[in-house]
Amino acid sequence: MQLTSIKKISYIQLAVLFAASRLFSEAMNFPLTTVQYGMQRFTVILTAYAILFVQYIPLICLSVKYPGQSAVGIIIEKNKGLGWIYTVILSVSVLIASISSMCRMKFYASSTIFGQAPEYLLIILPLIACAFAVWKGIQATARSGVIFAAVFVGFLILVSISTWDMFNTKWLYPNLIDRKDAFWGEVAEQVGSNSEIIYFSVLAEHIAEKTQRTVFWYVPAVMLILELMYLLEILLLGPFVESANFPFFTVSALSNIVLFQRLDGIDVAVWTLMCIVKITLAMLCIRTAYDRLIGKKAGLIAALSGLVITGAVSMAFGGSSNFVIAVTAILTCGIPMLTCSVVFPLIALIMGKKGKTGPKTGLKTGIKTGSNKNNKGAEANV
Amino acid sequence: MFNKKIKISALALFFVFSLSTLSGCVPHTELNEKAIILAIGVDYEDEKYKVMFQYYNPTGIGGRTLVDNSQPNVLTSKGEGDNVYAAMEDATFRCGREMMLGVTQFIVIGKKAAENSVEEVMDFTKSFFQSHPDMLVTVAEEEAEKALEVKFSEGIVSTQKLKFLLTNAEKSGIVALPNALELFTALQTVRKSSALPRLRLLDSGQSDASEDGKTLEISGGVLINEGKAVDEVDIEVMSGLQMLCCKTETGTVTVDYKDEKISVGLVDIKTKIKPSFENNQLVLTVELRSGGRFLSTPKGRYEDENNELEKLCGDAVIKRMESAVKQTVFKYGADPFLLEKTIRHYDYGLWQKVKNNFGEYLKNAKFKFISHIEIDKLILSE
Chain A
11 MQLTSIKKIS
21 YIQLAVLFAA
31 SRLFSEAMNF
41 PLTTVQYGMQ
51 RFTVILTAYA
61 ILFVQYIPLI
71 CLSVKYPGQS
81 AVGIIIEKNK
91 GLGWIYTVIL
101 SVSVLIASIS
111 SMCRMKFYAS
121 STIFGQAPEY
131 LLIILPLIAC
141 AFAVWKGIQA
151 TARSGVIFAA
161 VFVGFLILVS
171 ISTWDMFNTK
181 WLYPNLIDRK
191 DAFWGEVAEQ
201 VGSNSEIIYF
211 SVLAEHIAEK
221 TQRTVFWYVP
231 AVMLILELMY
241 LLEILLLGPF
251 VESANFPFFT
261 VSALSNIVLF
271 QRLDGIDVAV
281 WTLMCIVKIT
291 LAMLCIRTAY
301 DRLIGKKAGL
311 IAALSGLVIT
321 GAVSMAFGGS
331 SNFVIAVTAI
341 LTCGIPMLTC
351 SVVFPLIALI
361 MGKKGKTGPK
371 TGLKTGIKTG
381 SNKNNKGAEA
391 NV
Chain B
31 MFNKKIKISA
41 LALFFVFSLS
51 TLSGCVPHTE
61 LNEKAIILAI
71 GVDYEDEKYK
81 VMFQYYNPTG
91 IGGRTLVDNS
101 QPNVLTSKGE
111 GDNVYAAMED
121 ATFRCGREMM
131 LGVTQFIVIG
141 KKAAENSVEE
151 VMDFTKSFFQ
161 SHPDMLVTVA
171 EEEAEKALEV
181 KFSEGIVSTQ
191 KLKFLLTNAE
201 KSGIVALPNA
211 LELFTALQTV
221 RKSSALPRLR
231 LLDSGQSDAS
241 EDGKTLEISG
251 GVLINEGKAV
261 DEVDIEVMSG
271 LQMLCCKTET
281 GTVTVDYKDE
291 KISVGLVDIK
301 TKIKPSFENN
311 QLVLTVELRS
321 GGRFLSTPKG
331 RYEDENNELE
341 KLCGDAVIKR
351 MESAVKQTVF
361 KYGADPFLLE
371 KTIRHYDYGL
381 WQKVKNNFGE
391 YLKNAKFKFI
401 SHIEIDKLIL
411 SE
């Protein structure tokens with residue numbers, strides 16, 4: 011069987027994919043954690059993304075030192091046993107992220123505009139799209155992800171323009187830290203929710219060149235968009251931001267442009283599609299890791315199995331908010347993130363030093379470079 | 031061979047899932063099975079909430095004209111329950127249609143329900159994400175049900191007539207259009223205060239505006255403090271509150287000058303409130319600026335006497351605002367014009383000082399009023 015290959019994408023494409031994935035989670039602010047009204051949120055976002063950047067440093071070093079490779083690829087290549095451990099931890103982490111995302115999306119879509127749609131359809135249809143995206147590889151996902159991210163930002167601008175006359179700047183006040191006791195908790199939650207760093211530890215090997223630049227674009231861009239989104243929420247909702255279950259949905263419901271009386275319906279549709287990007291990225295991580303370990307076909311089967319598990323768990327337990335709270339808490343505690351994207355990449359750096367690593371050594375990274383007649387340009391057939 | 035099998039399986043799967051998305055296989059509701067709710071009235075009696083909603087009657091259209099006058103274009107349904115949500119469900123059950131709040135324009139809260147808890151009444155909208163945050167909220171002088179039963183002969187549905195009433199009142203500077211979002215925001219503040227327009231049912235039997243001789247008028251407002259209605263206020267107080275809220279840009283004042291009643295239209299009203307703290311007392315300096323235009327032509331020519339007329343107009347406006355402050359802030363420690371926001375915005379340190387005992391500080395606050403009204407001289411030139 012001829013499997014569809016995962017081709018190379020540019021660092022900008024991966025940065026936009028990550029941004030789409032992150033913005034989906036932020037837009038669907040699931041009512042698990044309450045967003046507090048206050049200027050502190052601006053400082054929390056700023057601090058959290060500064061810390062996040064620091065967390066990316068081991069992966070940045072790895073990308074600079076071993077271009078075209080990932081932490082998981084290096085570890086598997088050096089020590090298969092450790093590679094298995096890393097892959098299993100990584101798979102569980104990304105599975106938790108995709109289950110949490112799917113449950114959020116289902117709850118959000120069924121609570122807002124798709125109230126009548128059977129819940130199983132809200133799970134199965136996106137998962138079929140995800141399966142197709144996993145089959146097609148990261149390049150196809152990147153193309154659609156870029157469109158979704160552009161539409162998201164476009165609608166953000168439209169919402170801002172159409173609601174500007176309702177802005178009340180007096181809801182802003184000059185105190186950037188007003189709940190000191192809760193500050194670091196909020197920062198930790200904001201940092202911990204960034205599962206994209208785990209994806210980067212695997213998907214870095216699909217970047218054609220200058221992999222580290224993904225982080226230089228992604229982190230500041232998402233931080234800026236989040237600050238703008240929160241500013242919009244504060245200017246329009248004031249302290250109501252605390253008790254609105256989905257503040258950004260309420261904001262888009264207020265928008266009223268010439269053609270559309272309210273933009274919330276379209277927004278929900280776009281955000282739902284962005285969920286597909288997030289889950290697909292998680293599954294591409296599984297595909298890439300198992301591909302390295304046990305071969306191409308096994309990688310694809312593992313990713314599709316991941317989708318089945320995501321669907322089954324979401325259908326079985328997705329209706330329980332306690333379950334979703336518990337699952338999300340595993341992610342936001344920061345352990346999966348630190349393990350997969352700090353500890354193991356550091357191990358990969360140390361292991362890499364012990365012996366030559368990379369395409370030139372002819373190791374089984376699967377990356378073929380140069381002007382080989384069968385592989386024009388750089389391509390990773392995993 | 032294997033590839034062909036995959037393709038056939040994929041096609042089969044596609045058809046199976048396509049069937050599940052078709053309306054015949056999925057539970058759905060046709061538009062005429064929905065109760066498209068236009069207005070909701072909420073009353074409270076014997077510790078039970080009673081709800082009556084007006085919903086659109088599709089049989090009322092389709093005649094030679096847009097609306098077939100032989101058919102009522104809105105129908106009503108009633109229900110009761112321990113909370114508004116339960117009462118709404120009961121009313122939906124009785125009318126046999128699925129409720130849709132996407133186009134609900136109006137919520138009328140009965141006097142007793144408002145006295146019990148406005149917060150409790152409004153809480154139900156948070157469960158209905160489709161409800162528009164722009165819908166208007168008023169309080170009926172007696173029962174909300176009676177206010178919604180008036181059959182106006184003008185306007186397609188009576189909610190439109192009610193909306194016109196409020197829009198006109200807003201243009202005259204009597205009330206600001208009180209939307210649900212503003213009420214939610216006010217209910218999130220420390221004092222949970224607001225002022226909602228009050229609807230009075232007139233049963234003179236002489237009105238041409240409705241089929242049953244009944245009509246509605248805006249008779250003033252209702253002061254909400256700590257989440258519940260505490261007092262009725264007159265039109266002068268409501269007008270003063272709108273000026274203090276900076277919500278109104280237009281208004282009218284009538285002053286006695288040289289044995290003549292002169293009406294001046296106020297345009298482009300801008301109010302600024304600056305907080306300070308003196309002798310353990312909250313001091314609020316209110317500065318009002320506005321343009322003015324003569325609405326009735328003065329008998330004499332007062333071109334050189336504008337300063338005196340401007341002062342008289344200013345005094346009349348200040349009197350209105352003073353009356354509003356006495357009836358709401360001094361009497362109840364209420365904060366219907368969101369001083370909390372102003373204090374926090376201008377002086378966060380002061381807000382920290384007063385927030386724990388804000389009600390008492392408001393009761394003992396000192397207000398300084400300054401007005402600058404400039405009457406347009408061009409009107410007077412011959």
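Quick note, the sequences are listed as chains A and B, same order.
First residue of the first sequence? That's 11 in our numbering, and the numbers climb one at a time after it.
First residue of the second sequence? That's 31 in our numbering, and the numbers climb one at a time after it.
Yeah, the Cβ is synthetic: ideal placement off N, Cα and C, and Gly gets one too.
Min CB distance residue i to chain B below 9 Å
i         : result
Ile477(A) : This structure does not reach residue 477(A), given that chain A is present from 11 up to 392, and the question cannot be answered.
Ala308(A) : no
Ala37(A)  : no
Gly78(A)  : no
Ala25(A)  : no
Trp174(A) : no
Pro355(A) : no
Pro257(A) : no
Thr349(A) : no
Pro68(A)  : no
Lys18(A)  : no
Asn204(A) : no
Ala143(A) : no
Ser253(A) : yes
Gly248(A) : yes
Whole-angstrom C-beta distance between residue j and residue i, which should lie under 8 Å
i         : j         : result
Lys108(B) : Val81(B)  : 7 Å
Val225(A) : Ile70(A)  : 6 Å
Thr342(A) : Met112(A) : Actually they are not in contact, since the Cβ atoms of Thr342(A) and Met112(A) sit about 17 Å apart, beyond 8 Å.
Ala107(A) : Val197(A) : About 20 Å; that fails the 8 Å criterion.
Asn209(B) : Asp164(B) : 5 Å
Tyr240(A) : Ile55(A)  : 7 Å
Chain A within 9 Å of residue i, Cβ atoms only
i         : result
Thr282(B) : no
Lys156(B) : yes
Gln272(B) : no
Leu232(B) : no
Lys371(B) : yes
Asp11(B)  : Outside the shown range of chain B, which is 31 to 412, sits residue 11(B), and nothing can be said about it.
Asp164(B) : yes
Ile186(B) : Only weak support is given to the placement of Ile186(B): the predicted model assigns it a pLDDT of 48, under 50, and the value that follows is read from those uncertain coordinates. No, Ile186(B) lies away from the interface with chain A (no Cβ there is under 9 Å from its Cβ).
Leu43(B)  : yes
Leu211(B) : yes
Neighbourhood of residue i by C-beta, 7 Å cutoff - its chain only, sequence neighbours within 5 removed
i         : result
Phe360(B) : Lys393
Ser223(B) : Ala216, Ile254, Asn255, Ala364, Asp365 and Pro366
Gly93(B)  : Per-residue confidence for Gly93(B) stands at a pLDDT of 47, beneath the threshold of 50, marking its modelled position as unreliable; the derived number appears in the next sentence. Excluding residues within five positions, none has a Cβ falling inside 7 Å.
Ala312(A) : Ile296, Arg297 and Tyr300
Met118(B) : Val81, Gly109, Met129 and Phe154
Pro68(A)  : Val352, Pro355, Leu356 and Leu359
Own chain, CB closer than 6 Å to residue i, minus 5 neighbours either side, in chain order
i         : result
Thr159(A) : Position check: residue 159(A) holds Ala in this sequence, whereas Thr was assumed. Taken in chain order, the residues that qualify are Val26, Ala29 and Ala30.
Thr106(B) : Met82 and Gln84
Asp277(A) : Phe165 and Ser262
Glu370(B) : Thr219 and Val220
Tyr74(B)  : Lys142, Ala143 and Asn146
Val263(B) : Gly250, Gly251, Leu253 and Gln357
Ile67(B)  : Phe83, Tyr85, Met129, Leu131 and Thr134
Those residues which DSSP pairs with residue i across a bridge
i         : result
Asp286(B) : Lys291(B)
Lys108(B) : Met82(B)
Gly415(B) : Any property of residue 415(B) remains undetermined from this structure, which presents chain B solely from 31 to 412.
Leu166(B) : Phe136(B) and Asn209(B)
Ile19(A)  : Ile217(A)
Other residues of its chain near residue i: CB distance less than 8 Å, five sequence neighbours each side excluded
i         : result
Thr95(B)  : Per-residue confidence for Thr95(B) stands at a pLDDT of 47, beneath the threshold of 50, marking its modelled position as unreliable; the derived number appears in the next sentence. Around Thr95(B): no qualifying Cβ.
Gly202(A) : Leu341, Thr342, Cys343, Gly344 and Met347
Gly122(A) : The residue you asked about is not Gly; residue 122(A) is Thr in the sequence shown. Excluding positions up to five away in sequence, the list reads Phe256, Phe259, Asp274 and Val278.
Amino acids of chain D, ordered along the chain, whose beta-carbon sits closer than 9 Å to that of residue i
i         : result
Trp181(A) : Going by chain labels, chain D is absent from the structure shown, which instead holds the protein chains A and B.
Problem set entry | Segments assigned alpha helix (DSSP H), at least 4 residues, entirely inside the segment 220-276 of chain B | 265-274
Exercise. Taking the runs of the beta strand (DSSP E) that are 3 residues or longer, which of them lie wholly in the segment 130-164 of chain B?
Worked result: 136-139
For this session: Please specify which runs of the alpha helix (DSSP H), each continuous and at least 4 residues long, are wholly inside the segment 252-309 of chain A, giving them in chain order.
Result: 257-264 and 274-304
Problem set entry | Contiguous alpha helix (DSSP H) assignments of at least 4 residues, all confined to the segment 164-212 of chain A | 190-202
Exercise. Which full runs of the alpha helix (DSSP H) of 4+ residues lie inside the segment 310-352 of chain A, going along the chain?
Worked result: Given a length threshold of 4 residues, each whole run of the alpha helix (DSSP H) inside the segment 310-352 of chain A is given here in chain order: 331-342 and 345-348.
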